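Peer 1: Please see the structure below; I have some questions.
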Amino acid sequence: MTDWHPLRPLDDTTSTAWSTYNEEAEKRAKNIPCAAMPSLDHLKMKDFEEVYEPSDDTYLLLDGLQHEITTGTFSNSSSPLIAEIGCGTGVASVFLASQLFQQNQKHNKTDGMPMVIVTDINPKALQVAKATAAGNNAMIPFEAVQCDLVSALLPRLAQSVDALIFNPPYVPTPDDEVGSTGIEASWAGGEKGRRVVDRAIPKMAQILARPRGVAYMITVDDNEPEVLATLFRELGLQMKPLVRRRAHNEFLTLQKITWTKIDSSG
404 MTDWHPLRPL DDTTSTAWST YNEEAEKRAK NIPCAAMPSL DHLKMKDFEE VYEPSDDTYL
464 LLDGLQHEIT TGTFSNSSSP LIAEIGCGTG VASVFLASQL FQQNQKHNKT DGMPMVIVTD
524 INPKALQVAK ATAAGNNAMI PFEAVQCDLV SALLPRLAQS VDALIFNPPY VPTPDDEVGS
584 TGIEASWAGG EKGRRVVDRA IPKMAQILAR PRGVAYMITV DDNEPEVLAT LFRELGLQMK
644 PLVRRRAHNE FLTLQKITWT KIDSSG
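Quick note on numbering: the sequence shown equals residues 404 to 669 in this note's numbering.
Set out below in structure tokens:
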């Protein structure tokens, strides 16, 4: 969610290396084509009173996913398991699954099909996400689960998810605004916009397939992404900016999270 709060100034808390990563991600975002949003014709304006409406962060997420598809990130997986935490309308997971399905068809890969499982604490979001899936590619297996983060997916999906998508509630808010089961849950992030993200990081590590799994997460600079990268690193994961774009008064970044490669040659 892009909101009108002060743009975070550059300061000494951001290292030179991380600033370089951000610059590279900004350049990358300028050079990639815009992705096509899955159809939301099944929704009415009233639905967006209860479910987060796709915004700048959603478009950046889709653009980044399309870039990953075209650069071959998923070329070796004909039947990936895709999971989306806090799915909202479900457009991100539906987009990725549909694109990979089309890629399989193009290359005559008929031995598998993407599978999608989404979670949200908001029951209306799950209803909408299922309709989004049905309206765009009804052939793809799609499961919607109401729960906090991935609590209902463990241990069933431990170390099983090939592509994990998370557009979290990243907006800094008072802590007492966190924890709603309504539309507020899609943006209210508490102190530094980190209350939900910090809880999610170890859960993401638990369900992400190793070593092939990859995760994508939206952040803003208020979240102190370099600190988040440290939290992932402690769990054996590395996080780097993939695409980055200014939206109104804030910078949105799609972070790519992968398992740290271990050199076994030495």
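For every residue, glycine included, the Cβ atom is placed at its ideal position computed from N, Cα and C. Note that the structure is predicted; figures quoted are calculated from it, not measured.
Across which residues does DSSP place P644 in a beta bridge pair?
Peer 2: Q658
Peer 1: Going by C-alpha to C-alpha distance, which of T584, K643, A612, L640 sits closest to V480?
Peer 2: The amino acid at residue 480 is misidentified as Val; the sequence shows Ser. It is A612 whose Cα lies nearest to the Cα of S480.
Peer 1: Checking the sheet assignment: what are the DSSP bridge partners for V531?
Peer 2: Paired residue(s): none; V531 is not in a bridge.
Peer 1: If distances are taken between C-alpha atoms only, which option among Q505, P526, C437, S442 comes closest to P517?
Peer 2: The shortest C-alpha separation from P517 is found at Q505.
Peer 1: In the DSSP output, what is I488 paired with across the bridge?
Peer 2: T522, F569
Peer 1: Which class does Y424 belong to by DSSP, given the choice of helix, strand or coil?
Peer 2: helix
Peer 1: If you reduce the DSSP assignment to three classes, tell me which class F635 lands in.
Peer 2: Looking at F635 - three-state DSSP - the assignment turns out to be helix.
Peer 1: Alpha carbon to alpha carbon, how far is L443 from W407? Give it in angstroms, no decimals.
Peer 2: Because W407 sits at a pLDDT of 43, beneath the cut-off of 50, its placement in the model cannot be relied upon, and the following sentence gives the value as read from the coordinates. When rounded, the distance between both Cα atoms is 26 angstroms.
Peer 1: So, is T400 buried or exposed, given that buried needs 16 or more other C-beta atoms within 10 angstroms?
Peer 2: This structure cannot speak to residue 400, because the chain is shown only from 404 to 669.
Peer 1: D450 and N570 - do their beta-carbons sit closer together than 8 angstroms?
Peer 2: no
Peer 1: Which residue from R649, P483, L529 puts its Cα closest to that of K512?
Peer 2: Out of R649, P483, L529, P483 has the C-alpha closest to the C-alpha of K512.
Peer 1: In the region 557 to 623, which residue ranges form an unbroken beta strand (DSSP E) of at least 3 residues, counting only runs that do not cross its ends?
Peer 2: 566 to 569, 617 to 623
Peer 1: Assign S478 to buried or exposed, taking buried as 16 or more other Cβ atoms, counted over all protein chains shown, within 10 Å of its Cβ.
Peer 2: exposed
Peer 1: With respect to the beta strand (DSSP E) encompassing V548, which residues constitute its N-terminal and C-terminal limits?
Peer 2: Where V548 is concerned, the enclosing beta strand (DSSP E) stretches over 545 to 549.
Peer 1: Could you name the residues of the same chain whose beta carbon sits closer than 7 angstroms to that of L557, not counting the 5 residues immediately before and after it, in chain order?
Peer 2: Q609, I610
Peer 1: Answer with buried or exposed for V494, where buried requires no fewer than 16 other C-beta atoms within 10 angstroms of its C-beta.
Peer 2: buried
Peer 1: Using the beta-carbon count (16 or more within 10 Å), is R647 buried or exposed?
Peer 2: buried
Peer 1: Between which two residues does the alpha helix (DSSP H) containing V497 stretch?
Peer 2: 494 to 509
Peer 1: Report back the beta-carbon spacing between V497 and A536 to the nearest angstrom; my notes put them in contact at under 8 angstroms.
Peer 2: The beta-carbon distance between V497 and A536, rounded to whole angstroms, is 5 angstroms. This is short enough to meet the 8 angstroms contact definition.
Peer 1: What three-state label does DSSP hand S667 in the structure shown?
Peer 2: Low confidence applies to S667: its pLDDT is 45, below 50, so where it sits in the model is not reliable, and the reading given next is rough at best. In the structure shown, S667 sits in coil (DSSP, three-state: anything other than H, G, I, E or B).
Peer 1: For A650, write down the residues that DSSP places opposite it in a beta bridge.
Peer 2: Partner(s): E653.
Peer 1: Out of P575, Y455, M607, point me to the one whose CA is closest to M642's CA.
Peer 2: M607
Peer 1: Span of the alpha helix (DSSP H) holding D460?
Peer 2: 459 to 473
Peer 1: Just checking my contact of T492 with A532 at CB under 8 angstroms: how many whole Å lie between their CB atoms?
Peer 2: 6 angstroms
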